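Peer 1:
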Amino acid sequence: MRQRRGLRLITLTTDIGSAYAAQMKAVLAHRVPPGSVVDLAHDLRPHAIGEAAFLLRAMAVGFPAGTVHVAVVDPGVGGRRAPIAIECADGSTLVGPDNGVLMPLADALGRPRAFRIERTNLHAAPVVGTTFDGRDLFAPVAALLAEGVGASRLGRPIRPHKYALPVARRMRSGAHGQVLHEDRFGNLVTNIPSEWIPAGTDRVRLGFGRDPARTLLLVASYERLGKGRAGLLPSSFGLLEVAVAQGHAARRFRATVGHTVTVGWPTRSSASRT
Amino acid sequence: MRQRRGLRLITLTTDIGSAYAAQMKAVLAHRVPPGSVVDLAHDLRPHAIGEAAFLLRAMAVGFPAGTVHVAVVDPGVGGRRAPIAIECADGSTLVGPDNGVLMPLADALGRPRAFRIERTNLHAAPVVGTTFDGRDLFAPVAALLAEGVGASRLGRPIRPHKYALPVARRMRSGAHGQVLHEDRFGNLVTNIPSEWIPAGTDRVRLGFGRDPARTLLLVASYERLGKGRAGLLPSSFGLLEVAVAQGHAARRFRATVGHTVTVGWPTRSSASRT
Amino acid sequence: MRQRRGLRLITLTTDIGSAYAAQMKAVLAHRVPPGSVVDLAHDLRPHAIGEAAFLLRAMAVGFPAGTVHVAVVDPGVGGRRAPIAIECADGSTLVGPDNGVLMPLADALGRPRAFRIERTNLHAAPVVGTTFDGRDLFAPVAALLAEGVGASRLGRPIRPHKYALPVARRMRSGAHGQVLHEDRFGNLVTNIPSEWIPAGTDRVRLGFGRDPARTLLLVASYERLGKGRAGLLPSSFGLLEVAVAQGHAARRFRATVGHTVTVGWPTRSSASRT
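Residue numbers (our numbering), protein chains in the order written: chain A, 1 to 274; chain B, 275 to 548; chain C, 549 to 822.
#1: For C:A694, which residues from the same chain have a beta carbon less than 6 Å from its beta carbon, with the 5 sequence-adjacent residues on both sides left out?
#2: Under 7 Å Cβ to Cβ from B:R331, same chain only, skipping five residues before and after it: list those, please.
#3: Identify, in the order they occur along the chain, each residue of the same chain with its Cβ nearer than 8 Å to the Cβ of A:R159, setting aside the five sequence neighbours on each side.
#4: Quick check on A:D133: does DSSP put it in helix, strand or coil?
#5: First and last residue of the alpha helix (DSSP H) that includes A:V277?
#6: Drop a sphere of 10 angstroms on the beta-carbon of C:M607, count the other beta-carbons inside from all chains shown, and report buried for 16 or more, exposed for fewer.
#7: Consider the Cβ of A:R135: report whether some Cβ of chain C lies at a distance smaller than 8 Å.
#8: Which value, in whole angstroms, describes the spacing of the CA atoms of A:F253 and A:V244?
#9: Is it the case that the Cβ atoms of C:D563 and C:L592 are separated by a distance below 8 Å?
#10: According to DSSP, is A:E51 part of a helix, a strand, or is it coil?
#11: Taking the alpha-carbon positions, what's the A:V242 to A:R203 distance?
#12: For A:L137 and A:H47, what's the separation of their Cα atoms in angstroms?
#13: Got a sec, what are the start and stop residues for the alpha helix (DSSP H) B:F527 sits in?
#14: For the alpha helix (DSSP H) that contains C:L693, what are its first and last residues?
#15: Applying a beta-carbon distance threshold of less than 7 Å, which residues of chain B neighbour C:F680?
#16: Please list the terminal residues of the continuous alpha helix (DSSP H) segment that includes A:D107.
#17: Exposed or buried, what is B:T536 when buried is set at 16 or more other beta-carbons lying within 10 Å of its beta-carbon?
#18: Quick one: using the 10 Å Cβ neighbour count with 16 as the cut-off for buried, is C:T668 buried or exposed?
#19: Run down chain A in chain order and give the residues with a C-beta less than 8 Å from the C-beta of C:P612.
#20: Is there a C-beta anywhere in chain C that falls below 8 Å from the one on A:A26?
#21: Leaving aside the five residues before and after C:L766 along the sequence, list all residues of the same chain whose C-beta is less than 7 Å from its C-beta, in chain order.
#22: Please confirm if C:R732 has its CB atom under 8 Å from at least one CB of chain A.
#23: Quick one: give me the first and last residue of the beta strand (DSSP E) that B:T288 is part of.
#24: Leaving aside the five residues before and after A:L180 along the sequence, list all residues of the same chain whose C-beta is less than 6 Å from its C-beta, in chain order.
#25: Let me see if you follow: with CB-CB separation under 8 Å, is A:G35 close to chain C or not?
#26: Please list the residues of the stretch 433–452 of chain B that have a C-beta atom closer than 9 Å to any C-beta atom in chain A, keeping them in chain order.
#27: May I have the straight-line CA-CA distance separating A:P140 from A:V27, to the nearest angstrom?
#28: Using the beta-carbon count (16 or more within 10 Å), is B:E361 buried or exposed?
#29: From the DSSP output, in three-state form, read off B:A334 for me.
#30: How big is the Cα-Cα spacing for B:Y496 and B:L514?
#31: Taking 8 Å as the threshold (C-beta atoms), are A:G264 and A:S152 in contact?
#32: Determine the closest residue to A:G177 out of A:A82, A:H259 and A:T13, with distance taken between C-alpha atoms.
#33: I need the straight-line Cα distance from A:D183 to C:P582, nearest angstrom please.
#34: Give a yes or no on whether the minimum CB-CB distance between C:L588 and chain A is below 8 Å.
#35: Taking its Cβ as the centre, do 16 or more other Cβ atoms sit within 10 Å of B:E392, making it buried, or is it exposed?
#36: Give the DSSP-derived three-state secondary structure of C:H671 in the structure shown.
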């Protein structure tokens, strides 16, 4: 089940910037065809574990079975969190520090089995310092996995730290959630499923914090908002998104990742009266 | 004519950032060799149609015949502009929303034939939301085209929205134009052809707006300016560029994309008198 | 020794941004398999020769023998510095302007032999302007080299401009150096070798300028610092790094690339007394 025709891909997701990521690619270039290494993102918000976990799942879940996904967003680099590899139901393997970033993707891919990477047997490149596991540990391990080595051969089974993305709470006519992602347009992606909103709703109340004080349009596309106008949309993640058409919602509302958000919508009966 | 030896390339040009672009790559990874996908830019100025159209032409026009160019810079995403594919004289195909971004490239490649992408028959990936055509529509279509499917099989012919880059106006001893691009150094690339300036000219007058009040050096290279000095150069696009050597012209002149620019040069007779 | 199995890689390192780099890739796409072109960085600090030289060495030195490394960080573009290609002991070739950026890498790879690129015989693409050697000169030359053409066939031998990274000065119980790199976290990588600090040292004095007025922790990993706390670490470059855990050292200390740094540590005798 783990084998694929042809190339086993390696994806790279980090917050370390292109120059450090290049050092990971140098290690990989010795072992795998360069075309098989796919940059997902190297400009993730520094040290933002939750947002990285959310984006890694969104980016990586669509890749072919058997892909090796390396994710290094690691405020504790060089510290005590174990380096791990997680093998999933479709033969994909996730590689990175055991700090939670891998877990939403692992849960989405299913049947995760995690192994602690025992460092000493796997150093394919000399270790120059102690602050760049991406280059010295995860890149050589990714090459091994892409060559077909099973994760179980990297070390002992480990129970990885649990990490789940925050789940929105549904209320009678609204929801209480969090901002999971601020994109480069300043759109704020929440963790509130778009499908919770009753069909036919075209206005919702919104607040950052507990009080949904503003009334905003709920639209199907940015275009419907009109330039500069704020509104809510079903995002491409299947989650509600706060946006300002051709503007910047994060600055408009002084909100970003981790902020609490409350959305209210009309109850069916009140909606039908409108 | 449309066939190339070996690989048909797919280029990606967007303003959506690496994390969203990665989701397009995930779709493509199922269908084409990963080495055949080339990132051009994912950090274009958000929603800047004109600048994107200019840069797409400059970036993509040099690629081999038969390449599939996907461009998603789309303030109206999810709205009413049609998704289109444009087949050009050399067998290259352009894919994106019908908002003008593709047109200067299409015109440069010649003999464009546009087709509306009929969504319903082509969804190779499940549609999760309605705000990310790049992933749900254009990426699977690009894979089809790279596999050799002709654009005419994607849907009915369509007359795409006209869009041409603004053209500079030549005057008796000067030109009136616009800034098309601000690069990461703050250089301002105008739409005034460098060749309009008479040979031997070494000083020009420059103004943002109608009044070319400043006199600046016209030089062949940044080096000739001296650090911190502003001047005009023939840019690599064949267009006049306003630059500050090792400085930032956009901040110096408080000008950017879309701003009007007026350049004046000596008439031949007055130049010879100098 | 110069031949490798299969693909000869081409790496690209620039400060020009993705849109200009894409034009280099267009030229390369005609001549080499797209998977053989590896982006190292296109977002280097504009015109920062010294930092580029430092990062190029760090990024490129780990690539396989025979790789072609193109580096375009060129404040004097179009000026008088010669375009050069440097062949090194392992068959790798470095391509770029003769402004020093290539030299630390050339010295690290060993036995550098430099040749002036004689422009006129090598233009594989039409020259549109005079300000983008990356596209018009270095990309076609890189393709030639990747095809196996020796650098000596590109032009006459040349003695390249000397350039070496600044070397730290060791003192009796400290060192005097410079900041070589500010990374995207704001960490400041100095040129002071980590190994100069006596084993067992856990506190050092630090100052930007001559006076090491602050006492900071010396730790093995960011995690040991605790969030928001400043300290020194052995960086992944084998050099001392000033960091603020999950913070921004450059802003905290108002220091960046090129700034002088003084570090003091206890002498062995005083250390043993503590």
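Even for Gly, the Cβ is constructed at its ideal location relative to N, Cα and C. Note that this is a predicted model, so its numbers are computed, not measured.
Peer 2: Quick answer:
#1: In the third sequence, residue 694 of chain C corresponds to position 146, counting from 1. Contacts found: R556, I558, V580 and V616.
#2: By 1-based counting over the second sequence, the position of residue 331 of chain B is 57. P378, L379 and A382, listed in sequence order.
#3: Within the first sequence, the letter at position 159 stands for residue 159 of chain A. Within the same chain, A:R159 has close Cβ partners A114.
#4: As a first step, residue 133 of chain A is located in the first sequence; it is residue number 133 there, counting from the start. Reduced to three states, the DSSP call for A:D133 is helix.
#5: Because chain A is modelled from 1 through 274, residue 277 of chain A falls outside the range shown and cannot be assessed.
#6: As a position in the third sequence, residue 607 of chain C is number 59, starting the count at 1. Answer is buried; the Cβ neighbour count reaches 16.
#7: Residue mapping note: residue 135 of chain A aligns to position 135 of the first sequence, counting from 1. Chain C contact via Cβ: present.
#8: In the first sequence, residue 253 of chain A corresponds to position 253, counting from 1. In the first sequence, residue 244 of chain A corresponds to position 244, counting from 1. Roughly 10 Å separates the two Cα atoms.
#9: Here residue 563 of chain C refers to the residue found at position 15 when the third sequence is read from its first residue. Here residue 592 of chain C refers to the residue found at position 44 when the third sequence is read from its first residue. Result yes, Cβ atoms of C:D563 and C:L592 sit closer than 8 Å.
#10: Residue numbering aside, residue 51 of chain A sits at position 51 when the first sequence is read from its first letter. Helix, per DSSP.
#11: By 1-based counting over the first sequence, the position of residue 242 of chain A is 242. By 1-based counting over the first sequence, the position of residue 203 of chain A is 203. Approximately 13 Å, taken between the alpha carbons.
#12: On the first sequence, residue 137 of chain A is found 137 positions in, with the first residue counted as 1. On the first sequence, residue 47 of chain A is found 47 positions in, with the first residue counted as 1. Distance between the alpha carbons of A:L137 and A:H47: 19 Å.
#13: Taking the first residue of the second sequence as 1, we reach residue 527 of chain B at position 253. It spans A523 to F527 - the alpha helix (DSSP H) in which B:F527 sits, taken as one unbroken run.
#14: The residue given as residue 693 of chain C occupies position 145 in the third sequence. Residues A687 to A694.
#15: As a working mapping, residue 680 of chain C is identified with position 132 in the third sequence. Correct list: S510.
#16: For this step, residue 107 of chain A is matched to residue 107 along the first sequence. Start and end: M103 to L109.
#17: Locating residue 536 of chain B in the second sequence gives position 262, counting from the first residue. Buried: at least 16 other Cβ atoms inside 10 Å.
#18: Taking the third sequence and counting its residues from 1, one reaches residue 668 of chain C at position 120. Interpretation of C:T668 is limited by its pLDDT of 46, a score under 50 that renders its predicted location unreliable; no figure is taken from the coordinates.
#19: Start at 1 with the first residue of the third sequence, and residue 612 of chain C comes out as number 64. Correct list: A29 and H30.
#20: Within the first sequence, the letter at position 26 stands for residue 26 of chain A. True, the Cβ-Cβ gap to chain C drops below 8 Å.
#21: As a first step, residue 766 of chain C must be located in the third sequence, where it is residue number 218. Excluding sequence positions up to five before and after C:L766, its CB lies within less than 7 Å of the CB of I745, T749, D750, R751, V752, G779 and L780, all in the same chain and listed in chain order.
#22: Along the third sequence, read from residue 1 onward, the residue named residue 732 of chain C stands at position 184. Taking 8 Å as the threshold, the shortest C-beta distance from C:R732 to chain A falls below it.
#23: In the second sequence, residue 288 of chain B corresponds to position 14, counting from 1. From DSSP, the beta strand (DSSP E) with B:T288 extends over I284 to T288.
#24: For the purposes of this step, residue 180 of chain A is identified with residue 180 of the first sequence, where counting begins at 1. Result list for A:L180: F54, V189 and N191, in chain order.
#25: Along the first sequence, one-based indexing puts residue 35 of chain A at 35. Among the residues facing chain C, A:G35 is included, as its CB has a counterpart in that chain under 8 Å away.
#26: Those would be none; no residue qualifies.
#27: Position 140 of the first sequence holds residue 140 of chain A. Position 27 of the first sequence holds residue 27 of chain A. Spanning the two alpha carbons is a distance of roughly 7 Å.
#28: Looking up residue 361 of chain B in the second sequence gives position 87. It is buried - the Cβ of B:E361 has at least 16 other Cβ atoms within 10 Å.
#29: Working through the second sequence from its first residue, we reach residue 334 of chain B at position 60. Helix.
#30: For the purposes of this step, residue 496 of chain B is identified with residue 222 of the second sequence, where counting begins at 1. For the purposes of this step, residue 514 of chain B is identified with residue 240 of the second sequence, where counting begins at 1. B:Y496 and B:L514: Cα-Cα distance of roughly 13 Å.
#31: As a first step, residue 152 of chain A must be located in the first sequence, where it is residue number 152. As a first step, residue 264 of chain A must be located in the first sequence, where it is residue number 264. Not closer than 8 Å, so no.
#32: Within the first sequence, the letter at position 177 stands for residue 177 of chain A. Of the listed residues, the one whose Cα sits closest to A:G177 is A:H259.
#33: One-based indexing of the first sequence puts residue 183 of chain A at position 183. One-based indexing of the third sequence puts residue 582 of chain C at position 34. Cα to Cα, A:D183 sits roughly 29 Å from C:P582.
#34: Along the third sequence, read from residue 1 onward, the residue named residue 588 of chain C stands at position 40. Output row for C:L588: interface = yes.
#35: Position 118 of the second sequence, counted from the first residue, corresponds to residue 392 of chain B. With fewer than 16 other Cβ atoms within 10 Å, it is exposed.
#36: Position 123 of the third sequence, counted from the start, is the residue given in the question as residue 671 of chain C. Interpretation of C:H671 is limited by its pLDDT of 48, a score under 50 that renders its predicted location unreliable; no figure is taken from the coordinates.
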